[in-house]
Amino acid sequence: MRIDKKTKDNLITYGIVVAAFLLIQVLASTGHLSSHMKGLLVPMTYYAIIAVALNLCVGILGELSIGHCGFMCIGAFTSAFFSKLTEETLPGGLRFFLAFVIGIGFAALFGFLIGIPVLRLKGDYLAIVTLAFGEIIKNVLNAFYIGYDSKGFHFSMKSQMDLGLEPDGDTVINGAMGIMGTPHDAGFTVGIIVLLISLMVVLNLINSRDGRAIMAIRDNYIAAEASGINVTRYKMMAFTISAAIAGAAGVIYSHNITTLTASSQYFGYNASIMILVYVVLGGIGNIRGSVIAACILYLLPELLRGLNKYRMLIYSIVLIVMMIVNWSPKVIEWRKRTFGNLGIKKKI
Amino acid sequence: MALLNVTNLSISFGGLRAVDDFNMTIEKGELYGLIGPNGAGKTTVFNLLTGVYKPNEGIIKLDDEDITRKNTIEINHAGIARTFQNIRLFKQMSVIDNVKVGLSERFKYSTLEGILHVGRYRKVEKQMDDEAMRLLKVFDLDGERETLASNLPYGKQRKLEIARAMATDPKLLLLDEPAAGMNPNETKELMETIALVRKEFDMTILLIEHDMKLVSGICEKLTVLNFGKVLCQGETKEVLSNPEVIKAYLGG
Amino acid sequence: MSFLTYLINGLSLGSIYAIIALGYTMVYGIAKMLNFAHGDFIMVGCYIIFSVSGAIGGGSTMGVILSVILSVVLCSLLGITTEFIAYRPLRGAASPLAVLITAIGVSYLLENVALLIFGADVKSFSSVITWQGLSFADGQLRIQGVTIVTIVVSLVILICLQLFINKTKQGQAMLAVAEDKGAATLMGINVNKTIMLTFAIGSALAAVAGALLCSAYPNLSPYVGAMPGIKAFVAAVLGGIGSIPGAMIGGLVLGIVEILSKTYISSQLSDAIVFGILVIVLIVKPTGILGKVIQEKV
Chain A
1 MRIDKKTKDN LITYGIVVAA FLLIQVLAST GHLSSHMKGL LVPMTYYAII
51 AVALNLCVGI LGELSIGHCG FMCIGAFTSA FFSKLTEETL PGGLRFFLAF
101 VIGIGFAALF GFLIGIPVLR LKGDYLAIVT LAFGEIIKNV LNAFYIGYDS
151 KGFHFSMKSQ MDLGLEPDGD TVINGAMGIM GTPHDAGFTV GIIVLLISLM
201 VVLNLINSRD GRAIMAIRDN YIAAEASGIN VTRYKMMAFT ISAAIAGAAG
251 VIYSHNITTL TASSQYFGYN ASIMILVYVV LGGIGNIRGS VIAACILYLL
301 PELLRGLNKY RMLIYSIVLI VMMIVNWSPK VIEWRKRTFG NLGIKKKI
Chain B
1 MALLNVTNLS ISFGGLRAVD DFNMTIEKGE LYGLIGPNGA GKTTVFNLLT
51 GVYKPNEGII KLDDEDITRK NTIEINHAGI ARTFQNIRLF KQMSVIDNVK
101 VGLSERFKYS TLEGILHVGR YRKVEKQMDD EAMRLLKVFD LDGERETLAS
151 NLPYGKQRKL EIARAMATDP KLLLLDEPAA GMNPNETKEL METIALVRKE
201 FDMTILLIEH DMKLVSGICE KLTVLNFGKV LCQGETKEVL SNPEVIKAYL
251 GG
Chain C
1 MSFLTYLING LSLGSIYAII ALGYTMVYGI AKMLNFAHGD FIMVGCYIIF
51 SVSGAIGGGS TMGVILSVIL SVVLCSLLGI TTEFIAYRPL RGAASPLAVL
101 ITAIGVSYLL ENVALLIFGA DVKSFSSVIT WQGLSFADGQ LRIQGVTIVT
151 IVVSLVILIC LQLFINKTKQ GQAMLAVAED KGAATLMGIN VNKTIMLTFA
201 IGSALAAVAG ALLCSAYPNL SPYVGAMPGI KAFVAAVLGG IGSIPGAMIG
251 GLVLGIVEIL SKTYISSQLS DAIVFGILVI VLIVKPTGIL GKVIQEKV
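Residue numbers (the working numbering), protein chains in the order written: chain A, 1 to 348; chain B, 1 to 252; chain C, 1 to 298.
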């Protein structure tokens, strides 16, 4: 069978992920991995997953979103809510599978609903509204109380007391305190599997009818319309899929920690911007680059921990310098003059 | 019966009547030219025909189907494809993918089949590849199938735009100043391409042009537009010898 | 009466947002970039005032004036330097995201430099306005001095900016650059200088806003500018980005909505309501309240 270039490229991407996974497993089983490093593995997978999701939105659809962590938040909370409720009644594997489906389902639903108003806007207006929605999701969840007792579910937007639960009732979502004690169903292996599925979905999509239509809209929506492409439909499709994958990252996140809160650190605009940094440094539209950049850039500040208080300072300077070196028209020209075209990889 | 029938088409922007009481009939298989000085409203006519603007008055019929109120996408599905004055390619996509975008309403499989690469995916993709290559061969672009559209030389970008339009299998092809910005050699090659498209696909073509040589060389019929109004209409020879047309073009 | 008090407080907070938003909107309109670090210039301005008045012994009127002036000047210089080092090399880059990410890098940089110098603990900022304010209706309605000063300062700034842009040569140059950089260059306008001036003014406004913000809410930390920066950006978009009166209106609407919803609805949900207003306005009018609609020509 003849393998074309695109298929080969995709196989390399999957191969890198699998090889990294195996390498880490070997290191772990031979005791070469500190417990600190082990703790970084699962976050690396969910950051890689959400970076892939955001690159679908920014690089393939061509719309800047700075609220993607809001979808991650939806996925995290809906799935954790389900797992918490069914912790005693369902077996682990089935429970996590259903939680996963619920998490991405709700994230996709929110992506769809938010996409309707957002995708009518253009450029920076679109960006700021995605930021607004991300903040709204986070804020509302922080004021969200839900619990149950023998009479069924109770819900409030005021306080835990306001739920009026019976003494033996259970609070599931406790406002800013979030959800406590979600079962630890997602480990590194699950994270890697979900990353591979996300990669497959996005890479296959790009090489399909729908993916080409999405990229055509990115490159020139007027010509896309004139070619009979239903612009609204494909924009919604890409945005919804992207939100669903971000939701998958949320499911991994919430099933790997003990207390899930809608904190700014994980779900605020700053977190969304951090993911955007991964996407841009990995190469806009370059899905493999997003995975690699997410892993390296997530590890970088962690590995710089030895430098303690200087680490974020160094990180920020590295970020600025890398952007200028990679993107400044003058620097690019200078590099070409000095080094020729050798060694400069063309960005896709 | 006429393929395209436009009656009493008018549109105003603010107080300006950009197109005023425009009538035109194109028979199947014709190569028709729409000419006129700068700002005469030629591109506006194209934008009205393709649903970018909605007319204030008038009716547009394609193959006896009223398409006046349809949007750009529906009009493309009804059978009108176009190119643009300032080339609009999908720049970050390969040459073949540009054409495959044009093919995507004719060769279908579901989104799920696309995401999982199962079912009809492989078969339909193969058909699309074959069809796209067949088109690219006609335009002599088959050697550049994986080149990024933005990396093509200017003349080939024009050709690719026509190829993409042809991929939607139109009844009527609209070309907006295809020779704009071309040198005489490229213009000559383009004329050959247009003639070829017409022969190969038995295509009806309406083109806007500035280059009188190109127009008189290949169009059978002309409509001359001036200040949004039809100045003169008919066989190319008659139109070009009409004193009013000469006046509008040469001034005076 | 209490409603009136809250309304005035909202107006005051809105005025601060408006001053920041003016800087945002000018930089956006002219340099066509989202300067995500703009909020952090507020923080830098505050720390300058904090340090200077600490060094020369705060409280004296002269000390306060000196520290504010120094803060404005240094912030201007910082704005110019940032533009020169970090943003200018990326003008004309293949993707507009490049300069956006760089701005995020600058934001991280400023926050972490502040963190290193001043530490993470919250410093108590002593107000630059010592005037106690006015009292009406037998003390039932009290308006604080800082509230009045904030509102007046923002109005003065708005008027000065409008005059500057419409009546001076540099202001007209800014409009030209905002419209079309290439054409402006052909008309003999020095685009680099104009953008530099824009950054200088925008950053100076951030310093003024910082002084007022920390006088009203006296908790100073390295992250003090981040959220007001984002809110001001929202205000600028709400009003129609690029429009100076729009930024003012957007800022005031946001400040009033924030204070009233905090008071009457829920303090937890006030941010959600503020962002909700933005969403609703943009759905109804996709380019903001006073934004221009630009349609792409086919």
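Even for Gly, the Cβ is constructed at its ideal location relative to N, Cα and C.
Would you tell me roughly how many angstroms separate the C-alpha atoms of residue 251 of chain C and residue 147 of chain C, rounded to the nearest one?
-> Looking up residue 251 of chain C in the third sequence gives position 251. Looking up residue 147 of chain C in the third sequence gives position 147. In a straight line, the C-alpha of residue 251 of chain C is about 15 Å away from that of residue 147 of chain C.
With 16 other CB atoms within 10 Å as the buried threshold, where does residue 212 of chain B fall?
-> Translated into positions along the second sequence, residue 212 of chain B becomes position 212. Looking at its Cβ environment, which holds fewer than 16 other Cβ atoms inside 10 Å, residue 212 of chain B is exposed.
Helix, strand or coil: how does DSSP classify residue 106 of chain A here?
-> Within the first sequence, numbered from 1, the residue matching residue 106 of chain A stands at position 106. Three-state DSSP puts residue 106 of chain A in a helix.
Helix, strand or coil: how does DSSP classify residue 284 of chain C here?
-> Within the third sequence, residue 284 of chain C is the residue found at index 284, counting from 1. Three-state result, residue 284 of chain C: helix.
Could you have a look at residue 347 of chain A and say whether DSSP puts it in helix, strand or coil?
-> Residue numbering aside, residue 347 of chain A sits at position 347 when the first sequence is read from its first letter. Here the model assigns residue 347 of chain A a pLDDT of 42, short of 50, so the residue's position is not dependable, and the following value carries that caveat. Three-state result, residue 347 of chain A: coil.
Output the distance between the C-alpha atoms of residue 158 of chain A and residue 253 of chain C, rounded to the nearest integer angstrom.
-> As a first step, residue 158 of chain A is located in the first sequence; it is residue number 158 there, counting from the start. As a first step, residue 253 of chain C is located in the third sequence; it is residue number 253 there, counting from the start. Distance between the alpha carbons of residue 158 of chain A and residue 253 of chain C is about 25 Å.
Output yes or no for whether 8 Å exceeds the beta carbon distance between residue 200 of chain C and residue 79 of chain C.
-> Reading the third sequence from its first residue, position 200 is the one you call residue 200 of chain C. Reading the third sequence from its first residue, position 79 is the one you call residue 79 of chain C. Result yes, Cβ atoms of residue 200 of chain C and residue 79 of chain C sit closer than 8 Å.
How about residue 12 of chain B: is its C-beta nearer than 8 Å to some C-beta of chain A?
-> Stepping through the second sequence from its first residue, residue 12 of chain B is reached at position 12. Chain A has no Cβ within less than 8 Å of the Cβ of residue 12 of chain B.
Neighbouring residues, chain C, relative to residue 52 of chain B (Cβ below 9 Å) = The residue given as residue 52 of chain B occupies position 52 in the second sequence. Those are 298, listed as they occur along chain C.
Would you check whether the ligand ADP has a heavy atom nearer than 7 Å to the C-beta of residue 230 of chain B?
-> Among the components modelled here there is no ligand, and therefore nothing to report on the ligand ADP.
Reduced DSSP category for residue 208 of chain C - H, G, I as helix; E, B as strand; rest coil = Here residue 208 of chain C is taken as the residue at index 208 of the third sequence, counted from 1. In this structure, residue 208 of chain C counts as helix in the three-state DSSP scheme.
In or out: residue 209 of chain B buried (at least 16 other Cβ within 10 Å) or exposed?
-> Indexing the second sequence from 1 puts residue 209 of chain B at position 209. That one is buried.
Residue range of the alpha helix (DSSP H) that residue 122 of chain B falls in?
-> For this step, residue 122 of chain B is matched to residue 122 along the second sequence. Run containing residue 122 of chain B: 121-138, per the alpha helix (DSSP H) assignment.
Residue 176 of chain A, buried or exposed, once every other Cβ within 10 Å from all chains shown has been counted against 16 = Along the first sequence, one-based indexing puts residue 176 of chain A at 176. Counting Cβ neighbours within 10 Å, residue 176 of chain A comes out exposed, since fewer than 16 surround it.
Euclidean distance between Cα positions of residue 47 of chain B and residue 202 of chain B = Your numbering for residue 47 of chain B matches position 47 in the second sequence. Your numbering for residue 202 of chain B matches position 202 in the second sequence. Roughly 24 Å separates the two Cα atoms.
Would a check of beta-carbon distances place residue 143 of chain C closer than 8 Å to chain B?
-> Numbered from 1 along the third sequence, position 143 holds the residue referred to as residue 143 of chain C. False, the Cβ-Cβ gap to chain B never drops below 8 Å.
Which class does residue 109 of chain B belong to by DSSP, given the choice of helix, strand or coil?
-> Along the second sequence, one-based indexing puts residue 109 of chain B at 109. Three-state result, residue 109 of chain B: coil.
Give a yes or no on whether the minimum CB-CB distance between residue 226 of chain A and chain B is below 8 Å.
-> The sequence position of residue 226 of chain A within the first sequence is 226, counting from 1. At least one chain B Cβ lies under 8 Å of residue 226 of chain A.
Of the choices C/281, C/270 and C/257, whose alpha-carbon is the least far from that of residue 3 of chain C?
-> Residue mapping note: residue 3 of chain C aligns to position 3 of the third sequence, counting from 1. Ranking the options by Cα distance to residue 3 of chain C, first place goes to C/257.
Expressed to the nearest angstrom, what Euclidean distance is found between the alpha-carbon atoms of residue 352 of chain A and residue 166 of chain A?
-> Coverage of chain A is limited to positions 1 through 348, which leaves residue 352 of chain A absent and any answer about it impossible.
Note down, in chain order, each residue of its chain lying with its Cβ closer than 6 Å to the Cβ of residue 163 of chain C, except the 5 sequence neighbours on either side.
-> For this step, residue 163 of chain C is matched to residue 163 along the third sequence. Cβ within range, chain order: n/a, list empty.
Helix, strand or coil for residue 147 of chain A per DSSP?
-> Residue numbering aside, residue 147 of chain A sits at position 147 when the first sequence is read from its first letter. Residue state, collapsed to three classes: strand.
In the structure shown, what three-state DSSP assignment does residue 6 of chain B receive?
-> Mapped onto the second sequence, residue 6 of chain B falls at position 6. If DSSP states are grouped into helix, strand and coil, residue 6 of chain B belongs with the strands.
Hey, is the region 125-139 of chain B in contact with the region 65-76 of chain B, meaning 3+ C-beta pairs nearer than 8 Å?
-> No, they do not touch.
The region 209-221 of chain A / the region 257-272 of chain A touching (three or more Cβ pairs under 8 Å) | no
Run down chain C in chain order and give the residues with a C-beta less than 8 Å from the C-beta of residue 47 of chain B.
-> Working through the second sequence from its first residue, we reach residue 47 of chain B at position 47. Here the neighbours are 298.
Entirely enclosed alpha helix (DSSP H) segments - the region 163-246 of chain B, minimum 4 residues = 184-201, 212-218 and 236-241
Taking residue 212 of chain A as the query, report the chain B residues whose CB atoms sit under 8 Å from its CB, ordered along the chain.
-> Numbered from its first residue, the first sequence carries residue 212 of chain A at position 212. From the beta-carbon of residue 212 of chain A, the residues of chain B found nearer than 8 Å are 93, 97, 100, 101 and 104.
Taking all protein chains shown into account, do 16 or more other C-beta atoms lie within 10 angstroms of the C-beta of residue 104 of chain B, making it buried, or fewer, making it exposed?
-> The sequence position of residue 104 of chain B within the second sequence is 104, counting from 1. When all chains shown are included, residue 104 of chain B counts as buried.
Going by Cα to Cα distance, which pick from A/314, A/77 and A/311 is closest to residue 141 of chain A?
-> Walking along the first sequence from the start, residue 141 of chain A turns up at place 141. Closest option to residue 141 of chain A, Cα to Cα, is A/77.
Does the count of Cβ pairs from the region 120-128 of chain A and the region 59-72 of chain A closer than 8 Å reach three?
-> yes
Host beta strand (DSSP E) of residue 142 of chain A (start-end) = Reading the first sequence from its first residue, position 142 is the one you call residue 142 of chain A. Element bounds for residue 142 of chain A: not the beta strand (DSSP E) but the alpha helix (DSSP H), 123-142.
Hey, does residue 73 of chain B have any beta-carbon neighbour from chain A nearer than 8 Å?
-> Indexing the second sequence from 1 puts residue 73 of chain B at position 73. Chain A contact via Cβ: present.
What residues of chain C sit near residue 64 of chain A, judged by a beta carbon separation below 9 Å?
-> In the first sequence, the residue the question calls residue 64 of chain A occupies position 64. The contacting residues are 96, 97 and 100.
Where in the region 24-94 of chain C do unbroken runs of the alpha helix (DSSP H), each at least 4 residues long, occur, reported from the N-terminal end onward?
-> 38-55 and 61-82
Near residue 289 of chain A, what residues of its chain come up, given a Cβ to Cβ distance below 7 Å and the 5 sequence neighbours on each side ignored?
-> For the purposes of this step, residue 289 of chain A is taken as residue 289 along the first sequence, with counting starting at 1. 282 and 283.
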